[in-house]
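J.: Quick one: structure below, then a few questions.
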Amino acid sequence: MVPYYGHHTCKMFIRGKPIRFGYKIWTMSSANGYPYALKIYAGRDERKKLYFNNFFASYDLLEKLSGKMIRATGTMRNSRTRKIPIMPVDEVKKKYRGFFDHVCNGTVY
C-alpha cells in the first residue's frame, strides 16, 4: 500500500491498517526482493456478458465478440447456423420435450 491522501478514483480505503488511504500495488518479486512486475489495483475487472435473442444473434457476431474477449450467448435461427456443428432440426424434434443442443468454442475467460 502506497500512502496517498489526495483525490483519485484508484485510491483505496482499508479500515484498521496502518496505511488506510492509498494505492494498492501488486508485485511479482524474486526471492531476493527484486520486483519483476508491478500492477496498480484499480478495482475488479468489469467483464461484460451479452445475451441475444434469435433476431440479433449470428455465428459471425459471436465470433467477433469472442475475439474481443466479450462473453456472449444467444439463441439462433435455423438459417444462421451454417458453420455450427449442431443436430439437424428433424433429430431434435424426435427427442423429448425441452431438449436442446448447444455448442461452445471452449474459450473460457
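Residue numbers (our numbering): 2 to 110. The beta-carbon is built from N, C-alpha and C at its ideal position, and this holds for glycine as well.
(1) Starting from SER59, follow the alpha helix (DSSP H) in both directions and report where the run begins and ends.
(2) Residues in its own chain within less than 6 angstroms of MET2 by CB, not counting five upstream and five downstream?
(3) My output table needs one value for GLY23: the three-state DSSP class, helix, strand or coil.
(4) Taking all protein chains shown into account, do 16 or more other C-beta atoms lie within 10 angstroms of the C-beta of LEU63, making it buried, or fewer, making it exposed?
(5) Under three-state DSSP, which class holds SER67?
(6) According to DSSP, is ARG72 part of a helix, a strand, or is it coil?
(7) Below 7 angstroms CB to CB, which residues in the same chain sit around LEU39 once its five sequence neighbours on both sides are set aside?
(8) Is GLY68 closer than 9 angstroms to PHE53 when the C-beta atoms are compared?
T.: This is what the structure gives:
(1) Premise fails: SER59 is in no alpha helix (DSSP H) and is neither H nor E.
(2) ILE20, GLY23, LYS25
(3) strand
(4) buried
(5) helix
(6) strand
(7) ILE26, THR28
(8) no
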